[in-house]
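In what follows, a single structure is set out as structure tokens and then discussed.
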Amino acid sequence: MTRYAYYPGCSLETMAATYHVSSMEVAHKLGVELEELEDWNCCGATAYSKVDELLATVLCARNLAIAEKQGLDIVAPCNACYKNLWTTNAAMKRDADLAEHMNYALEADDLRYDGRVEVSHIMHAFVTEEALELVRRKAGERIKGLRVAPYYGCQIVRPRRPGVELAQVESPTYFEALLEAAGAVAVAYPYKLRCCGAALMVTNRRAAVQMLRDLLQSAVDAGAEVIATACPLCQTNLECYQSEVNRAYGTNYTMPILYFTQLLGLALGVGVKRLGIGKELVSAEAVVNRPCVPAAASAPGGA
Amino acid sequence: MAIATPARRISFREEVENLLHAEEGVSLIRCIQCATCSAACPAVEFMDHTPRELIALINAGMKDEVMASNTFWTCASCYACSEKCPEGIRPADVMYALTRYSLWKDTFNRDWVAPEFSRRFTRTILRTGKSYEPGYAPAFIFEGGFPGVVREMRMAVRLLGKGRLPLLPSRIKRIRNLRAMVARVLPLDGIQ
Amino acid sequence: MSERKRVLIVDDDPDFAAGIRAILDAQYDTAVMHNPEDGWDALQKDHYDLLCLDIMMGRGAEGVMMARKIRKDNVLREMPVLIITGLREQIAFLFPGQAVHPGFVPVDELMEKPVEPELLLQKAAALIAASEARKSR
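Residue numbers (our numbering), protein chains in the order written: chain V, 1 to 303; chain S, 1001 to 1192; chain W, 2001 to 2137.
Structure representation (structure tokens):
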């Protein structure tokens, strides 16, 4: 059984709690053990780097040090958390002066980081060969044939992580592989790596709303029935602010936005409620109550 | 008598590159003005200078125009520009360096939401160790006028009903240590 | 006449650095570097009797990083370090009314911008003299 230090990130506590519960359910089904990182702190998001890059680094360094103490590699469900932890890890491994200074700061919490942790996005834990094979074997009919637009987002692939093949930065395919292993149809659309606007939803609403409009239209054009996301901010933007897009552009989008773990959970037989489906402002009923879905007997957790 | 120093005053481009001394991008002088960064940028329409223009301004030494620009505060940090630049320039890193510099130099516009949001976010983490969305509301809630406030409140109520809005901030156990850590990095009296 | 003492100024603000240099030029041989990396290289190449160091550069409070690195170096730890910082103003938007916490800045002396030329010359002379006295003991 693979074990990871699980770094939920601030949004997964309340705003994106459904991502948390569905990740836990999927991990359990796939034999992945997630041990929450002890007393983890915020990764700093993008705001900290705008303000002070050394502070941004020290926030992440603390989490890395705690994971090292727990003796585990980190998985993070949020694109931004993943990116921040990964880049801090790389910076501390590459820059001895930075590492020394960060460790001086970490002393204040009786911590030290010596570069022994690897950081992944939680999706990476579910797209290993073994995991994909397990998904193929265990997947039921719940999302069979469902047309899903896999929305990676931006920071899950950028900035490029050295060691990652170019193709996986320019046009990654593991999200599609996961969806297809689960029986869904991953639709191709040009904006799968385009930013959702992230914090611009707060700091420059008009910009973010336009970016969301582009994404939604792109998914609609590709015939998607649902957009699957890998980041709480992407999901919140696309879903909670879909009405803002409609208001600003006179459109009528009603596109369900679910976490990839919720879709995966459905495929693996986890019940709708246990996956937190039903908490959306844009209803996902169309996904859950598809006509081709066989009787509820295939969902042991109850619909 | 001067030793070991260039006799001329450094250019604004070099001033910006000094900010980026620890980053991995190449010199801004390599910019060929191909505008690939601008084409890749999803927020470009909302910037007073496109990424390409900003780099041209930096290279031309137009410090005042650059420092007063909203470009780097409108950047979403998606890194599309850095990924696509054929020369190896990292515009996304330039944007971060300039937001920091504009704060240190106090050249940003205090009416903008982005700096105020960053301020609130920074302080929230130092208070509790974690983010707390409702705390940022004052930074942006009035941007859409009264109708905007009503819409935000409506959404907040709906989210609250679904259990998706945090009521109370969440606090880490060793917040005192976190603050002490931060004080070692940014030596301010009040953080400890 | 004895050789002039050498002062290195490390500050990312070219205007401020030029100002400090103008004050010190009369009595000292001065060099200016605008980022900590170049500053460290200069310290490796030549001997300096005094370092005037800024705090906020590049990623953040890199002056503190540099000061600590100097203190850990067997040779450079003997060199007096004078911090000249505008941290209070630079960080005022984020942390209004916050002063520099001297406890976390391992240097001989700390001055806040703007600098009084007379005071700077006094402190520079005093720091260099104190360092000489230590060496001759």
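No residue lacks a Cβ here, since even glycine has one placed at the ideal position from N, Cα and C. The structure presented is a predicted model; accordingly, all values stated were derived computationally and were not measured.
Q: Flag S/Ile1141 as yes if its beta-carbon sits less than 7 angstroms from any beta-carbon of chain W, otherwise no.
A: no
Q: Determine the extent of the alpha helix (DSSP H) in which V/Thr173 is found, giving its start and end residues.
A: Where V/Thr173 is concerned, there is no enclosing alpha helix (DSSP H), given that its DSSP letter is neither H nor E.
Q: Would you identify the three-state DSSP class for V/Met1, choosing helix, strand or coil?
A: coil
Q.
Against chain V, does S/Val1149 count as a neighbour if the rule is that its beta carbon must be under 7 angstroms from one of theirs?
A. no
Q) Listed in chain order, which residues of the stretch 50-70 of chain V have Cβ atoms closer than 8 angstroms to some Cβ of chain B? A) Among the chains of the structure shown, chain B does not appear; the protein chains present are V, S and W.
Q. What residues are listed by DSSP as bridge partners for V/Tyr151?
A. In the DSSP assignment, the residues bridged to V/Tyr151 are V/Thr229.
Q) The beta strand (DSSP E) spanning V/Ala121 covers which residue range? A) The question names Ala, but residue 121 of chain V in the sequence shown is His. Its beta strand (DSSP E) spans residues 119-121.
**Q.** Contact list for S/Trp1104 against chain W, beta-carbon separation under 7 angstroms
**A.** Within chain W, the residues near S/Trp1104 are Met2056, Gln2090.
**Q.** Contact residues within the stretch 146-159 of chain V, judged by C-beta distance below 8 angstroms to chain S
**A.** Cys154, Gln155, Arg158, Pro159
Q. Beta-carbon separation of V/Ala27 and V/Ala139 under 7 angstroms?
A. no
Q. Skipping 5 residues on each side, what residues in its chain have a beta carbon closer than 6 angstroms to that of W/Asp2108?
A. Sequence-distant Cβ neighbours of W/Asp2108 in its own chain, meaning closer than 6 angstroms and more than five residues away, are Pro2080, Val2081, Leu2127.
**Q.** Sequence-distant residues of the same chain with beta carbon closer than 8 angstroms to S/Pro1169, five excluded per side
**A.** Here the set comprises Thr1124, Arg1127, Thr1128, Lys1130, Tyr1132, Gly1135.
**Q.** 7 angstroms CB neighbourhood of S/Met1047 in its chain, flanking five on each side removed
**A.** Asn1070, Thr1071, Thr1074
Q: Spatial neighbours of S/Gly1038 within its chain, please: CB distance less than 7 angstroms, with the 5 preceding and 5 following residues excluded, ordered by chain position.
A: Reading off the sequence shown, one finds Ser at residue 1038 of chain S, where the question assumed Gly. Val1044, Thr1050, Pro1051, Arg1052.
Q.
Suppose contacts are defined by Cβ-Cβ distances below 7 angstroms. Is S/Pro1187 in contact with W/Val2105 by that definition?
A. yes
**Q.** Contact with chain W by S/Pro1187, beta-carbon distance below 7 angstroms
**A.** yes
Q. Could you give the residue range of the alpha helix (DSSP H) that holds W/Met2033?
A. Where W/Met2033 is concerned, there is no enclosing alpha helix (DSSP H), although the beta strand (DSSP E) it sits in stretches over 2029-2033.
Q. Whose CA, out of W/Asn2074, W/Glu2078, W/Leu2053, W/Val2075, lies closest to the CA of W/Met2066?
A. W/Leu2053
Q: Report yes if the C-beta distance between V/Cys154 and S/Cys1078 is below 7 angstroms; otherwise report no.
A: yes
Q) If you measure beta-carbon to beta-carbon, which residues of the stretch 82-103 of chain V are closer than 9 angstroms to chain W? A) Asp97, Leu98, Glu100, His101
Q. Is DSSP giving V/Val287 helix, strand or coil here?
A. helix
Q: For S/Gly1025, name the three-state secondary structure that DSSP assigns.
A: Residue state for S/Gly1025 is assigned as coil, using DSSP reduced to three classes.
Q.
Please tell me whether W/Ala2018 has its Cβ less than 7 angstroms away from any Cβ of chain V.
A. Not an interface residue.
Q) By Cβ distance below 8 angstroms, which residues in the same chain neighbour S/Glu1065 in space, the five residues on each side in sequence not counted? A) His1049, Leu1057
Q | Residues of the stretch 1114-1130 of chain S whose Cβ lies closer than 7 angstroms to any Cβ of chain V, in chain order | A | Ala1114, Phe1117, Ser1118, Phe1121, Thr1122, Ile1125, Gly1129, Lys1130
Q) Is V/Leu72 helix, strand or coil by DSSP? A) coil
Q: Using a Cβ cut-off of 7 angstroms, pull out every chain V residue sitting near S/Ile1172, in sequence order please.
A: Asp39, Asn41
Q) Since W/Tyr2028 contacts W/Arg2059 with CB under 8 angstroms, what's their CB separation in whole angstroms? A) So it is not a contact: roughly 29 angstroms between Cβ atoms.
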